[in-house]
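Residue numbers for the sequence shown, in the working numbering: 107 to 326.
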Amino acid sequence: EQALVKRKMDNRLYKAAVTMDLEVFHGVRRINGDIEDGSIIRPDDAYFLVQTPDGSNIIHIALQQGKSQGERFVEEALDSFPSLIFQADSHGDTPIHLAAQLDNPVSQAFLRRFSGVYIKIRRQHTQGVLAQPWKAKNSKGNMPIHEAFRTNNVYAALALLKIDSDAAAFLNNLGETPLHVYARCGFFPIDRGDQLFETMIAHNISAAYARDKDGLTPLL
Numbered sequence: 107e108q109a110l111v112k113r114k115m116d117n118r119l120y121k122a123a124v125t126m127d128l129e130v131f132h133g134v135r136r137i138n139g140d141i142e143d144g145s146i147i148r149p150d151d152a153y154f155l156v157q158t159p160d161g162s163n164i165i166h167i168a169l170q171q172g173k174s175q176g177e178r179f180v181e182e183a184l185d186s187f188p189s190l191i192f193q194a195d196s197h198g199d200t201p202i203h204l205a206a207q208l209d210n211p212v213s214q215a216f217l218r219r220f221s222g223v224y225i226k227i228r229r230q231h232t233q234g235v236l237a238q239p240w241k242a243k244n245s246k247g248n249m250p251i252h253e254a255f256r257t258n259n260v261y262a263a264l265a266l267l268k269i270d271s272d273a274a275a276f277l278n279n280l281g282e283t284p285l286h287v288y289a290r291c292g293f294f295p296i297d298r299g300d301q302l303f304e305t306m307i308a309h310n311i312s313a314a315y316a317r318d319k320d321g322l323t324p325l326l
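As structure tokens, then:
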């Protein structure tokens, strides 16, 4: 594990994540000096778990690109290296935080796949407490559900409520529920906003009356 901390992502893997090149999962051409000799090598699993200097892993990078062809890249990365979902970047954002912030085809593919990947990990996890990334706070003190409301990402907000219905009552470091963030930052289209509000209340009606650190409810 310490070796992984010291080991940083090389240019080849970074470029593969940016261009969403699936071939990187099946092997890369061996290079002798500056010349490709044509032989194919398959890096070990640890190679795909390294991060950039800012803490991004290959899923963070693909999410930021957001192109539709990145859906398959993210799906294969999750299937092959599920532990990537636990890695946080220098802002404390795990991939699910980033997926909550970004509304694009890749983030939606990630959110659709997340529950199945987590269930698979949980079944294989036999010792200790397994982290729950959707409950983790980033450097802003927000959980993914707060980030979804902060960035007006309806798709992510609804997906996160499906992952954990208790998310409607999660508190960030300001003592805000997602509805507080919605009241402060929400610019959803009226129909989507109404749908989201009704879904939140259905999951936890008390969230509408919860007070933040300033004593305010979402309706005040």
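Using N, Cα and C, we set each Cβ at its ideal position, and we do this for glycine too. These numbers come from a predicted model, not from an experiment.
Going by C-alpha positions, residue 291 is about 15 Å away from residue 250.
For residue 150, there is no enclosing alpha helix (DSSP H), as DSSP marks it with neither H nor E. Minimum Cα-Cα distance from residue 194 among the listed residues 218, 234, 241 corresponds to 241. A residue is called buried when at least 16 other Cβ atoms come within 10 angstroms of its Cβ; residue 308 does not meet this threshold and is exposed. Taking 8 Å as the cut-off, the beta carbon of residue 115 is found no closer than this to the beta carbon of residue 180.
In this structure, DSSP gives residue 171 a helical state, which the three-state scheme calls helix.
The C-beta distance from residue 192 to residue 159 rounds to 19 Å, too long to meet the 8 Å contact threshold.
Rounded to the nearest angstrom, the gap between the Cα atoms of residue 127 and residue 259 is 27 Å. The three-state secondary structure of residue 157, taken from DSSP, is strand. Secondary structure of residue 246 (DSSP, three-state): coil.
Residue 130: not part of any alpha helix (DSSP H); DSSP gives it neither H nor E.
The residues 195, in chain order, have a CB closer than 6 Å to that of residue 162 in the same chain once the five nearest residues on each side in sequence are set aside. By the neighbour-count criterion, in which a residue is buried when 16 or more other Cβ atoms sit within 10 angstroms of its Cβ, residue 168 is buried.
Cβ atoms of residue 245 and residue 211 stay farther apart than 8 Å, at about 27 Å.
Per DSSP, the beta-bridge partners of residue 114 are 157. C-alpha of residue 206 to C-alpha of residue 274: approximately 14 Å in a straight line. About 6 Å separates the beta carbon of residue 217 from that of residue 262, a gap short enough to meet the 8 Å contact definition.
Look at residue 305 here: in three-state DSSP terms it is helix.
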